[in-house]
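Down below is the structure, laid out as structure tokens.
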Amino acid sequence: MAAPRSIIIDIGKQRDEENAKEDSATKKKPIGTKFDGRFPLSHWESAVAIGVLLFFSIALFCVYVTMPAAEFGKIKLPRSISDLRILKDNLAAYANDYQAQFILGYCSTYIFMQTFMIPGTIFMSLLAGALFGVIKGLVLVVFNATTGASCCYFLSKIIGRPLVNWLWPEKLRFFQAEIAKRREKLLNYMLFLRITPTLPNTFINVASPIVDIPFHVFVLATLVGLIPASYITVRAGLALGDLKSVKDLYDFKTLAVLFLIGSVSIFPIILKRKRTE
Numbered sequence: 001m002a003a004p005r006s007i008i009i010d011i012g013k014q015r016d017e018e019n020a021k022e023d024s025a026t027k028k029k030p031i032g033t034k035f036d037g038r039f040p041l042s043h044w045e046s047a048v049a050i051g052v053l054l055f056f057s058i059a060l061f062c063v064y065v066t067m068p069a070a071e072f073g074k075i076k077l078p079r080s081i082s083d084l085r086i087l088k089d090n091l092a093a094y095a096n097d098y099q100a101q102f103i104l105g106y107c108s109t110y111i112f113m114q115t116f117m118i119p120g121t122i123f124m125s126l127l128a129g130a131l132f133g134v135i136k137g138l139v140l141v142v143f144n145a146t147t148g149a150s151c152c153y154f155l156s157k158i159i160g161r162p163l164v165n166w167l168w169p170e171k172l173r174f175f176q177a178e179i180a181k182r183r184e185k186l187l188n189y190m191l192f193l194r195i196t197p198t199l200p201n202t203f204i205n206v207a208s209p210i211v212d213i214p215f216h217v218f219v220l221a222t223l224v225g226l227i228p229a230s231y232i233t234v235r236a237g238l239a240l241g242d243l244k245s246v247k248d249l250y251d252f253k254t255l256a257v258l259f260l261i262g263s264v265s266i267f268p269i270i271l272k273r274k275r276t277e
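Numbering (UniProt numbering), first residue to last: 1 to 277.
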């Protein structure tokens, strides 16, 4: 009877090994795992990304073709302060004559750039201040930035995990660890990140759903936390002639103010930690 029993044990071990191999093959890669150099998205994920991009592109195109005629050859996305001054001069009369249509086109462009992480939204924020003033410009920038960040959040929720693991593995591990330590006061911590330049906003947008930050916390922290930096940028748009480069926006004094405001948001966390010690 010993032989059959040993055979049964061997068969059981083989099945356990096979199951373990299947589990390891189907399991998702942990957060922060480096990829082997291959493009991280599967065929299905790539199809979703292309489909979403096409949808947004067609919607943006439809907005532009319904706008009143303009000399679009003079209009391009600015890449420097000098480009922004030229764009502002070309758009000033147009934005005043067709304000509603222009705002629709401006918002669509800003949200598109924010959703797909296209650099240049800081120039769009400066343009808002130059064309609309501080109050209206600030409302437009905060609304567009929050809407675009929310679209980026949901897009990343669908296809973002392998892409973020591929691009920022170490930063993602750090972010995951920090979020895990601050679950009880997550809104305060997210406000601190949004107000201060501790982590890039683009990274926060795509990494938040991956580290399980609830959407209501994400959107509230974005809406409130972007106000101070947006105000600084929009206000600077009123004096484009005095601005030499984007770096002039955030000097030491400005950064110190942002960190001071951000520290207020995490003060309850520090106070609670001292009480528990």
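From the three backbone atoms N, C-alpha and C, an ideal C-beta is built for every residue, glycine too.
- Sequence-distant Cβ neighbours of residue 42 in its own chain, meaning closer than 6 Å and more than five residues away, do not exist here.
- Excluding its 5 nearest sequence neighbours in each direction, residue 231 has C-beta neighbours in its own chain below 8 Å: 134 and 138, listed in chain order.
- When only Cα atoms are considered, residue 151 and residue 115 end up about 6 Å apart.
- Put simply, the backbone Cα of residue 263 is about 42 Å away from that of residue 44.
- One alpha carbon belongs to residue 177, the other to residue 90, and they sit about 48 Å apart.
- The beta carbons of residue 194 and residue 222 sit about 6 Å from each other, so the pair counts as a contact at 8 Å.
- By the CB criterion at 9 Å, residue 210 and residue 157 fall inside the cutoff.
- The residues 81, in chain order, have a CB closer than 7 Å to that of residue 244 in the same chain once the five nearest residues on each side in sequence are set aside.
- For residue 45, the enclosing alpha helix (DSSP H) starts and ends at 43-65.
- In the same chain as residue 58, and ignoring 5 residues on each side of it, no C-beta atom comes closer than 8 Å to its own.
- Taking a C-beta distance under 9 Å as the contact criterion, residue 188 and residue 149 do not qualify as a contact pair.
- Look at residue 244 here: in three-state DSSP terms it is coil, with no helix or strand label.
- In this structure, the straight-line span from the alpha carbon of residue 63 to that of residue 186 is close to 38 Å.
- Residue 145 sits close to residue 110, with the two beta carbons spaced by under 9 Å.
- Here residue 156 carries a helix assignment [DSSP, helix/strand/coil].
- A check of alpha carbon separations from residue 166 across 143, 153, 192 and 206 identifies 206 as the nearest.
- Inclusion of residue 225 and residue 191 in the CB contact set at 9 Å is warranted, their separation being smaller than that value.
- The DSSP assignment places complete alpha helix (DSSP H) segments of no fewer than 4 residues inside the segment 149-213 at 169-181, 186-195 and 201-207, in order along the chain.
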